[in-house]
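Here the protein sequences come in this chain order: S and F.
When we follow the numbering used here, the leftmost residue of the first sequence carries the number 833, and every step to the right adds one.
When we follow the numbering used here, the leftmost residue of the second sequence carries the number 15, and every step to the right adds one.
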Amino acid sequence: MSSKRPQPYFSRSQVTLVRGLWMVVTAILAFMTLFPLLWMVSIAFKPAAESFSSNLIPQSPTLDNFIYVLTGVPFIRYMVNSFFVSATVTIVALFFHTMAGYALARLRFPGREVMFLSIFSTFLVSLPVIIVPLFVIVKAMGMLNSYAGLIIPAIFNAFGIFLLRQYYLSLPKEIEEAARIDGAGYWRIYWSVILPLSRPIMSALAILFFLANWNSFLWPLTITSDPNLWVVQLGIANFKSQYSASWNYMMAASTIVAIPTLILFVIFQRQIMDSLKTSGLK
Amino acid sequence: MTTIAETAARRRHAGRTRLSAKHREWIAGYLFVLPDALGLLVFLGVPMALSLVLSVYEVNGFGGYSFVGAKNYLRMWNDPLFWKGAKVTALYAVMLVPLLYVCGLGLALLVQRTDRFNAVMRSMFFAPHMVSLVVVALVWQFMVVDKIGVISKLTAALGIGGFSFLGDPNFALITIVLVSVWFLMGFYMLIFLGGLQDIPRQYYEAAMIDGAGAIARFWFITLPLLKPTSFFVIMVSMVAAVAGAQAFDIIYVMTKGGPANATSVLIVYIYQQAFGFGAFGYAAAMASILVVALMIVTALFFALTRGGRFHHEQ
């Protein structure tokens, strides 16, 4: 008897209906997720009187908020600081991490596994739990209120080393051989074979590092009190204590700070999301 | 014709160069790792150790250190605000970890199919994670302003309003949790998508032929095969909840630990003690205890789940 025959197949219209409903639900949730960001941009274009009106599209859109933020406070200075710090950290970190990743993946030397495990274990150390001793050390090194203090401690993190090592492990053994037969030393192999091959992962990591540093708040907050050294995140956080009622200015400032990261994300979403996805398990 | 002597000589020669080549490889290896190893040691390793050292010292206003033994730890024991911070931290983690798990997995299942539409949806769900936490905190704070913020108005219209999202000690922490979930869920969605990708399609096909419905397939195939991913997600979100930058940044900007210390998680309280009151020794002592507690919890979790290696039939 085949009375309990399975019926895995639905009619065409049923499938279309379910899929259509599914897409509608997904789209509504996605809109809700994006809503706070849309709201931020909306308020940034609204005059102060309209800040708490409920319409998403401004009735009388204005650029005054942006103009005030860019001219009334040294916001451009904060942006330049942020850009300088983030770019420097990114370049130096990529340089150091590719070197370390290459050695940990492709060179054999005693203590390599121990080294890798100790680097890996720092994954669990987060900035908030070491902020006090780190501040003491950086202060003792004379880097308080300096670009060096903002930049140097931010360079070192296990995440980049780990991802690069995994990437280098996956490259075929033969790639170095031709170079080695030509008598190339390790530096030459690293510089002219490994680095060019790393371009795809390096661009993904460059974006991630840049964003992480552009967005970082706790370390700059701790290490800089001189407003000339402030990065944008400190700038807007401080903005809040000065203009606590001027939400239109704050949202304009927030928009200026968030837009570069969102644009980078839109352009590089594939690379960013793929590299984070592999960070989970591989 | 090659004589035995020649072969032996060549082999000896080869052996000698291999030995020196080996040493060259060692030296190259150390030199390549050196910059990062040194940096991680100075800016991560040493601070970890220094935290323990600082915890038995007291720092006065002029930066002078004096050894005080267990005094900081005793002070912790008798400090109601420390216990309050521990309680708030635990509450935050207990709410955040399951919510992130459900939201991350739910979103991943929602956009699992690979097509154009879902690619766009994934990016939209992930977008909040790209925004700085200061901006996240400011935008949400603006939306939940009492009575006139857009969310306050919306909840009022739905008949569940009338309370203050950040001003009421009963709701402030929940608000912080929801903002944290909004910021983090896209990242965990990605991790779950990676895990879902690794489940062979044949399992689902076989189950469909056996007549298993969507719920049965989820319960008997997806969930068991996602155990390594689940392990990773719970582990990472637990650490993020207790010591992550997102908790610090959001709370520091939105509530500074208030109202009535309702959102004063330990990392915020530690920061205030250190940089607000200059109590470096006391802050280091609390940080050390926090790290030890975190290590115990993760080790327990690791032991209970056998490191995420669950047994399942292949």
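Where is the CB? At the ideal position from N, CA and C, for every residue including glycine.
No experiment lies behind these values; they were computed from the predicted model shown.
C-beta neighbour in chain B for residue i, strict 8 Å
i                      : result
residue 934 of chain S : Checking the listed chains, one finds no chain B in this structure; the protein chains it contains are S and F.
Contact set between residue i and chain S, taken where Cβ atoms lie within less than 7 Å
i                      : result
residue 333 of chain F : A query on residue 333 of chain F cannot be resolved here, the shown segment of chain F reaching from 15 to 328 and no further.
residue 259 of chain F : 958, 959, 960 and 1050
residue 61 of chain F  : 962, 965, 966 and 969
residue 263 of chain F : 1049 and 1050
Simplified DSSP assignment, three categories, for residue i
i                       : result
residue 70 of chain F   : coil
residue 221 of chain F  : helix
residue 977 of chain S  : coil
residue 891 of chain S  : coil
residue 1058 of chain S : coil
residue 49 of chain F   : helix
residue 9 of chain F    : The first residue shown for chain F is 15 and the last is 328, placing residue 9 of chain F beyond what the model contains.
residue 1014 of chain S : coil
residue 309 of chain F  : helix
residue 1072 of chain S : helix
residue 856 of chain S  : helix
residue 865 of chain S  : helix
residue 297 of chain F  : helix
residue 1004 of chain S : coil
residue 1078 of chain S : coil
residue 1096 of chain S : helix
residue 1063 of chain S : coil
residue 77 of chain F   : coil
residue 61 of chain F   : helix
residue 134 of chain F  : helix
residue 886 of chain S  : coil
residue 319 of chain F  : coil
residue 877 of chain S  : coil
residue 850 of chain S  : helix
Contact set between residue i and chain S, taken where Cβ atoms lie within less than 9 Å
i                      : result
residue 142 of chain F : 865, 866, 868 and 869
residue 167 of chain F : 884 and 886
Beta-carbon proximity of residue i to residue j, cut-off 8 Å
i                       : j                       : result
residue 872 of chain S  : residue 1083 of chain S : yes
residue 963 of chain S  : residue 1054 of chain S : yes
residue 273 of chain F  : residue 181 of chain F  : yes
residue 1033 of chain S : residue 1066 of chain S : no
residue 214 of chain F  : residue 931 of chain S  : no
residue 64 of chain F   : residue 988 of chain S  : no
residue 148 of chain F  : residue 972 of chain S  : no
residue 1013 of chain S : residue 1025 of chain S : no
residue 231 of chain F  : residue 221 of chain F  : yes
residue 260 of chain F  : residue 198 of chain F  : yes
residue 69 of chain F   : residue 307 of chain F  : no
residue 123 of chain F  : residue 195 of chain F  : no
residue 925 of chain S  : residue 1041 of chain S : yes
residue 866 of chain S  : residue 46 of chain F   : no
residue 256 of chain F  : residue 151 of chain F  : no
residue 71 of chain F   : residue 60 of chain F   : no
residue 884 of chain S  : residue 174 of chain F  : no
residue 968 of chain S  : residue 981 of chain S  : no
Listed by chain order, chain F residues near residue i by CB distance under 9 Å
i                      : result
residue 931 of chain S : 45, 46, 47, 48, 49 and 50
residue 944 of chain S : 43 and 47
Beta-carbon neighbours of residue i, restricted to chain F and to distances below 8 Å
i                       : result
residue 1083 of chain S : 152, 153 and 156
residue 1059 of chain S : Here the premise fails: no neighbours, minimum Cβ distance about 16 Å.
residue 903 of chain S  : Ordered by position in chain F, no residue passes the 8 Å Cβ test against residue 903 of chain S, which lies about 20 Å from the chain.
residue 993 of chain S  : 50
residue 1101 of chain S : 137 and 140
Amino acids of chain F, ordered along the chain, whose beta-carbon sits closer than 7 Å to that of residue i
i                       : result
residue 856 of chain S  : In chain order: nothing, as chain F lies at least about 11 Å away.
residue 884 of chain S  : 162
residue 1086 of chain S : 149, 152 and 153
residue 846 of chain S  : Ordered by position in chain F, no residue passes the 7 Å Cβ test against residue 846 of chain S, which lies about 13 Å from the chain.
residue 872 of chain S  : 153
residue 985 of chain S  : 57
residue 894 of chain S  : Going along chain F, no residue has its Cβ under 7 Å from residue 894 of chain S, so there is no contact; the nearest lies around 18 Å.
residue 1018 of chain S : 42
residue 1054 of chain S : 289
Under 8 Å from the C-beta of residue i: neighbouring residues of chain S
i                      : result
residue 136 of chain F : 1105
residue 241 of chain F : Per Cβ cutoff of 8 Å: no residues; residue 241 of chain F is ~12 Å from chain S at best.
Every unbroken alpha helix (DSSP H) inside the segment 79-127 of chain F [4 residues or more] | Unbroken alpha helix (DSSP H) runs of no fewer than 4 residues, entirely contained in the segment 79-127 of chain F, are found at 85-91 and 94-124, following chain order.
Segments of 3+ residues assigned as beta strand (DSSP E) that fall wholly inside the segment 136-189 of chain F | Within the segment 136-189 of chain F, no complete beta strand (DSSP E) segment of 3 residues or longer occurs.
Contiguous alpha helix (DSSP H) assignments of at least 4 residues, all confined to the segment 940-993 of chain S | Correct list: 944-953, 959-972 and 979-987.
What runs of the beta strand (DSSP E), each 3 residues or longer, lie entirely inside the segment 899-942 of chain S?
-> Complete beta strand (DSSP E) runs here, min 3: none at all.
Alpha helix (DSSP H) runs contained entirely in the segment 1026-1053 of chain S, provided each spans 4 or more residues = For secondary structure counted as the alpha helix (DSSP H) over 4 or more consecutive residues, the segment 1026-1053 of chain S holds these complete runs in sequence order: 1031-1047.
Whole beta strand (DSSP E) runs in the segment 221-288 of chain F with 3 or more residues, listed along the chain?
-> Correct list: empty.
Using a beta-carbon distance cut-off of less than 8 Å, what residues from the segment 275-289 of chain F approach chain S?
-> Identification of residues in the segment 275-289 of chain F having a C-beta nearer than 8 Å to some C-beta of chain S yields 281, 284, 285, 288 and 289, given in sequence order.
If contact means a Cβ-Cβ distance below 7 Å, which residues of the segment 1064-1079 of chain S contact chain F?
-> Per Cβ criterion, the list reads 1065, 1068, 1069, 1072 and 1079.
Contacting positions in the segment 1027-1041 of chain S - beta carbon closer than 8 Å to chain F = Those would be none; no residue qualifies.
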